[in-house]
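Chemist:
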Amino acid sequence: MNFLHTLKISIKILINDKKFFGAAICLLSFIVSFLVIFPTISGEILSKSKLEAYQKYGEHDFVISSNSQKQIQSIIKDDTFKVCGQVYISDSYPIGGNQIQATLGAMDSLAFQTGHLALKYGKMPTENNEVVIEAFMAEPLIQEYKDLHADFKLFQPFDITLEDTTYHVVGVIENYSSSWTNPDFIEIGYNTFPNIILNSEVQDSDYTLSNNTFLLMKKQFSLKDNMSDYIREHELEREQILMNHRLEANGLSLIKRLQDYTYLFIALSYFVSFLTIFYLFFTQYIVRKIKVYEIFYATGLTPTHIHILIISQGTILFVLSVIAGTFISTLVLSIYQQWFLQNQTDTIKIFNIPILIGITIFFGIVLAIITVIMKRRLFRQNSNVSGRTLVPILHNKISKFSLQWKIILMQIVGSIKLTILNIGSLALTFVLLFLNLIITNETAYEPDQNTAHYGLLSKQTIAEEILNQYPVTLNQKFSFSFEDTEELEKLDSVRFISKIPLTLGTTLLLTDEQLSPYFRQWMESYTEENSFVNFSTYDYDSLNIPENYHPIKNVNFLLVDQQNWEGYNQILQLAPSVYEQLEKSASTILFVPEKTDKQKLENLTIGRIEVEKSELTFKRWDLNVIDIIPSEFIDPNTKSSLNGPTILLHENVVAKEQIFPGIADIEVYRKSNLSHADIQDLEDKLLQLIARFPGSLYYSKDAEFEETENTVNYLRSLSMTLMIFVIIFSAIIFYLIFFMKILVKEREWLIYRALGEIVNKTVIRFVLEILCYYILSAIGSIIILAIILFLFPVNPTALLKGTTYLLMVTTISFVSSLPIFILLRKKISLQYISEILSKN
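Quick look at the structure:
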């Protein structure tokens, strides 16, 4: 039997059964189209989410800082890690009336690409002495230029002069330097990322001879690359390595959960398709074709010939389905992109070769397994299509049941394989719907209306070591001054400011008598071993700290003044005299989430170990406790509580007693119904304030939402589209299973009808059987979901939404099965029986 003859016979076998051939092509085509659409859309969601993280934190894994050309060349030649960009640091220059120190530097094209620096206005530098500037540097620089050029309009290129050199500003980029991981010990103009950036590849001067060079590095192979050997080989100091912790902690760690669920979703969609194809194979193909093959075998065809016929038929079905399914998916994605993404700059990669290769491999595996099963069934005696049955075993156990339930139970357990396929397909389809909701929830962005409009953090990275449970701060003491916040509070646009001081490791110091069970447990929870890096117990002993002091770490400190006291007192409801006492004396209000003996805590002490010129000093302050609130502190704006003890101090007392050098964290809440000009004026002042502190963080809720709005809308559109396709896919699976069951049971129901059973009784029995399948599938899906959620935890909100959604979909699915019951009534009507008998 040659190839053409085999192909001809295979086509004839398929075409002779037009109903099966058409149904199989339609079903497999839809499965292929969904297997193309699911990975395409979910992959786009994942890649876009990753891009958002890279745009904020850079795509590099770590940075190497070096001013040695020999060391830099050695690193570039080593392929253990990949150099993906070079950033040259030139120097720092005062701008904005000498209030701000800006870092001038240059980047090569790889650094611009790896850093994902987003252009806000203008263009990127392409000529000598062209620069782009960071957004928060733009206002003071533009203002200086406006003072000299009244006709200036935003945005048009302008010139700035730094010492004797003039630079042409051609663009403004989004703020990046505060989002990237910064060094612990900052030297402005040496190890700070540039705010004024040239393109190093088009400059006349040689920027490789700059003050310092940052090499943006990527890991080549795995996370197991030995960093210690790498550092030793290139004679690097630990301080020269700056890991991009924020990318991992704030960016990719959040996406990792989405990535896990996306991959699981894609794998599950393939497995559901696999079970669906096998269900079609078991219920229709074997029943319809096995007798044909037995005749072929009886007339002289060898098992090999029949084996080839099966393979060729399967290949024909799969090839036609892949072509039709690819066409459907391409058409659907093209229409979706043209109609729904016409205002988006993003485009979906419609024709994805790896996905098509994956589908081809998938169908090849399915065909191989089907061929093996068919071969086993054809050449063994007493072949039973339905597989093993549990009916004989259960016969005695169900003898007390009514006839209706006996028939239902026998239908369910009559064929183990078909029952497993039914329940498995339905259960996994429910899980697929749940995973789709989780993916949608992970990509949803809903800004919290209670959070501050603006956040300013003067120093994000604190370098410290532990010495006898005292945290000793080692790096610079950058902080906002008390005068800075006073100026902000005077603005009419400001409603409330929350201020957290720069504590420098200040702890609550309690004596043995003051240590309640709560404080003992808190102290034990945060016990740490001595670091022994810069200081030892010998240095500690020289400080003569009283032995009966027990440092209580991780205590919250909050500052109050006249402006924000009213907001805090909305919750506290304290007398006016309390504020006067806070303002005029070294007093505090203590928040402890337990009932505490106030007599033992009438007075308390706070203190810290400071580093001054590499020497340790111990400082302490005694405070009078005005009141002890037996609860955690609740923020009046966000309604959230601060974990652990909280100490409330007045700003004037802190400044007078020099308890803290300044304010580390400022949260600004503006008034409602402000004009655009008032908002702009407030933001300009905040940007000028934050620009004075390299390595600081500025957050604007409005700007954050505006920057991500297009991406959020795009992701939301993709997620909703994916959900629609999943629901359609699930509906097809549901209808397929129940329709196939009707076809399998058709003759059996006709016999019941011929023996006089009324139609409604048969319909009700089938409804109950379907309900049993739903219940068993729901139980199975719960078990599977419990395992998935144990391995990949989700937040409670997503879990609640998912559970509600799953119940809703289950109900809708069962109700949507009603059209099948209408078909069932037609199938078992007397007229249909007469038609069958007349044909026979």
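In the working numbering, the protein residues as written are 2 to 841.
Cβ atoms here follow ideal geometry from the backbone N, Cα and C, with glycine treated the same way.
1) Would you say the region 655 to 662 touches the region 563 to 575, given that touching needs at least three Cβ pairs under 8 Å?
2) I need the straight-line Cα distance from ILE627 to ARG693, nearest angstrom please.
3) How far does the beta strand (DSSP E) with HIS169 in it extend, from its first residue to its last?
4) The alpha helix (DSSP H) that contains VAL655, what's its start and end?
5) Is there a Cβ from chain D that is less than 8 Å from the Cβ of LYS702?
6) If we count the other Cβ atoms within 10 Å of its Cβ and call it buried at 16 or more, is SER586 buried or exposed?
7) Hey, out of GLU613, THR331, GLY781, LEU516, whose CA is closest to PHE35's CA?
8) Near LYS57, what residues of its chain come up, given a Cβ to Cβ distance below 6 Å and the 5 sequence neighbours on each side ignored?
9) Go ahead and pull the three-state DSSP assignment for ILE189.
10) State buried or exposed for PHE533, treating a residue as buried only when at least 16 other CB atoms are found within 10 Å of its CB.
11) Do three or more CB pairs link the region 266 to 275 to the region 425 to 444 at distances below 8 Å?
12) Can you list, in chain order, the stretches of the alpha helix (DSSP H) that have 4 or more residues and sit fully within the region 289 to 335?
13) Per DSSP, what kind of secondary structure is ASP62 in: helix, strand or coil?
14) If contacts are defined as beta-carbon pairs under 8 Å, then GLY190 and SER93 qualify, I think. What distance do you get, rounded to the angstrom?
15) Taking PHE31 as the reference, give the member of LEU321, ILE370, PHE558 with the closest Cα.
16) Would you say the region 551 to 564 touches the region 501 to 511, given that touching needs at least three Cβ pairs under 8 Å?
17) Measuring only the C-alpha atoms, how far is ARG233 from ARG239?
18) I need the DSSP call for VAL132, collapsed to helix, strand or coil.
19) Where does HIS454 fall in DSSP's three states?
20) Would GLY86 pass as a contact of ALA54 if the rule is Cβ separation under 8 Å?
21) Starting from THR1, trace the alpha helix (DSSP H) in both directions and tell me its first and last residue.
22) Out of curiosity, what's the CA-to-CA distance linking LEU631 and GLY645?
23) Pair every Cβ in the region 631 to 641 with every Cβ in the region 590 to 599, then say whether three or more of these pairs are closer than 8 Å.
24) With 16 other CB atoms within 10 Å as the buried threshold, where does ARG1 fall?
25) For TYR89, does the three-state DSSP call read helix, strand or coil?
26) Would DSSP call LEU560 helix, strand or coil?
27) Just confirm the distance between the C-beta atoms of ILE691 and PHE137, as a whole number of angstroms; I'd bet it's less than 8 Å.
28) Taking 8 Å as the threshold (C-beta atoms), are PRO662 and LEU457 in contact?
29) Here's a check: name, in chain order, each residue in its chain whose Cβ is nearer than 7 Å to the Cβ of THR182, leaving out the five neighbours to either side.
30) Find out if the Cβ-Cβ distance for the pair LYS500, LEU560 is shorter than 8 Å.
31) Just checking my contact of LYS702 with SER494 at CB under 8 Å: how many whole Å lie between their CB atoms?
32) Would you call LEU436 buried or exposed, if buried means 16 or more other Cβ atoms sit within 10 Å of its Cβ?
33) Does the beta-carbon of PRO794 have 16 or more other beta-carbons within 10 angstroms, so that it is buried, or is it exposed?
34) For the alpha helix (DSSP H) holding THR115, just list the boundary residues, first then last.
35) Considering Cα atoms alone, identify which of LEU786, PHE726, PRO355, TYR670 is closest to TYR337.
36) In the DSSP assignment, the alpha helix (DSSP H) including GLU584 goes from what residue to what residue?
Modeler: Answer, in terms of the structure:
1) By the criterion of at least three beta-carbon pairs nearer than 8 Å, the region 655 to 662 is not in contact with the region 563 to 575.
2) C-alpha separation (whole angstroms): 37 Å.
3) 166 to 174
4) 652 to 658
5) Checking the listed chains, one finds no chain D in this structure; it contains a single protein chain.
6) It is exposed - the Cβ of SER586 has fewer than 16 other Cβ atoms within 10 Å.
7) When each option's Cα is compared against that of PHE35, the closest is THR331.
8) SER180
9) coil
10) exposed
11) In short, these stretches touch, since the Cβ pair count reaches three.
12) none
13) coil
14) 3 Å
15) Distances from the alpha-carbon of PHE31 to those of LEU321, ILE370, PHE558 put LEU321 closest.
16) The region 551 to 564 is in contact with the region 501 to 511.
17) 10 Å
18) strand
19) coil
20) no
21) Residue 1 cannot be examined here, being either before or after the span of the chain that is shown, 2 to 841.
22) The residue asked about is misnamed: residue 631 is Pro in this sequence, not Leu. Those two C-alpha atoms are separated by around 11 Å.
23) yes
24) This structure cannot speak to residue 1, because the chain is shown only from 2 to 841.
25) strand
26) strand
27) 6 Å
28) no
29) Cβ within range, chain order: LEU243, MET244, ASN245, HIS246, ARG247.
30) The Cβ atoms of LYS500 and LEU560 lie closer than 8 Å to each other.
31) So it is not a contact: roughly 15 Å between Cβ atoms.
32) buried
33) exposed
34) Counting along the chain, the alpha helix (DSSP H) containing THR115 begins and ends at 110 to 116.
35) PHE726
36) 577 to 585
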